[in-house]
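The sequence shown begins at 56 in the numbering used here and counts up by one. Heads up, the beta-carbon is just placed ideally off N, CA and C, and yes, glycines get one too.
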Amino acid sequence: MVSRPVEKDLDKILKLAGLDGTDGDSEGDTKIVVVGNKGSGKTSFIECFVTEECIYPELNQPRQWRKSVGFGGDRKLIDFVLRELPASDDLAHIRARAYRNSRAVVICYSIADRESWEAIPKWHEEVKQFLPDAKVFVVGNKMEQRKNETPVSRKEGKDMARSIGADKYYEISAYTGKYVPDVVLSIEERLKPSK
Numbered sequence: 056m057v058s059r060p061v062e063k064d065l066d067k068i069l070k071l072a073g074l075d076g077t078d079g080d081s082e083g084d085t086k087i088v089v090v091g092n093k094g095s096g097k098t099s100f101i102e103c104f105v106t107e108e109c110i111y112p113e114l115n116q117p118r119q120w121r122k123s124v125g126f127g128g129d130r131k132l133i134d135f136v137l138r139e140l141p142a143s144d145d146l147a148h149i150r151a152r153a154y155r156n157s158r159a160v161v162i163c164y165s166i167a168d169r170e171s172w173e174a175i176p177k178w179h180e181e182v183k184q185f186l187p188d189a190k191v192f193v194v195g196n197k198m199e200q201r202k203n204e205t206p207v208s209r210k211e212g213k214d215m216a217r218s219i220g221a222d223k224y225y226e227i228s229a230y231t232g233k234y235v236p237d238v239v240l241s242i243e244e245r246l247k248p249s250k
């Protein structure tokens, strides 16, 4: 039996996700939602970008982070709002609310976990239900673990991203920080209107 959060827990969850109405989202914010199976490295990816430290929390609740970054040759300030959405099915109703007003979605999977890679189409289906016009990016995390027995190859990751029509495929290591800032800034670049 799946239990839903009680009302006071729901209020706390909505606050953590920035969905309680007190967040004060600005219209110019670049809102990016990060989804994927539990253990795929979503939290570490975001924490590594926002804090510039590589930490490894085990959370299964929605969270929201903010960071302003100087971007491009003119160092234009970009305000990022990154929302991590929990993988558990009993919080699907929270995920549905968190997609709203997001410009992009990152589907994260662990290179060392085939099951998380195989779940990419499921996550893509949910994304398209709530954000049919959003840009979708696939991020293979934990590239330092590619030495494991059954890792997902770079080719498999790229092929999966292509099969769902993702805008771009990336590989990172939130453990070492390798490529993490590059990915977020590349996503911002891809969100700019074509000239």
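Bridge partners - residue i, DSSP secondary structure assignment
i: Ala159; result: Ile87, Lys190
i: Gly195; result: Tyr164, Glu226
i: Lys233; result: Ser228
Collapsed DSSP secondary structure at residue i in the structure displayed
i: Ala216; result: helix
i: Val207; result: coil
i: Ala151; result: helix
i: Ser143; result: coil
i: Arg201; result: coil
i: Ser171; result: helix
i: Ser95; result: coil
i: Lys183; result: helix
When the options are compared against residue i, the one with the closest alpha-carbon
i: Val105; options: Leu246, Lys247, Asp237, Lys223; result: Asp237
i: Asp222; options: Asp84, Glu211, Ser241, Arg152; result: Ser241
i: Glu102; options: Lys210, Tyr230, Tyr164; result: Tyr230
i: Glu170; options: Phe100, Gly195, Tyr225; result: Gly195
i: Pro248; options: Lys190, Tyr225, Val89, Ser99; result: Lys190
CB contact below 7 Å: residue i versus chain C
i: Glu170; result: Absent from the structure is chain C; it holds one protein chain and no more.
Buried/exposed call for residue i, threshold 16 Cβ in 10 Å
i: Ser95; result: buried
i: Arg130; result: In this predicted model, Arg130 has a pLDDT of only 48, less than 50, meaning its place in the structure is not dependable; the value taken from the coordinates is given anyway. Burial call: exposed.
i: Ala159; result: buried
i: His179; result: buried
i: Ala147; result: exposed
i: Arg217; result: exposed
i: Gly220; result: exposed
Sequence-distant residues of its chain with Cβ nearer than 8 Å to residue i (five each side left out)
i: Ala174; result: Gly91, Asn92, Tyr164
6 Å CB neighbourhood of residue i in its chain, flanking five on each side removed
i: Lys310; result: Absent from the structure is residue 310, since the part of the chain shown begins at 56 and ends at 250.
i: Pro206; result: Ile166, Ala167
Neighbourhood of residue i by C-beta, 7 Å cutoff - its chain only, sequence neighbours within 5 removed
i: Leu186; result: Tyr154, Ser157, Val160
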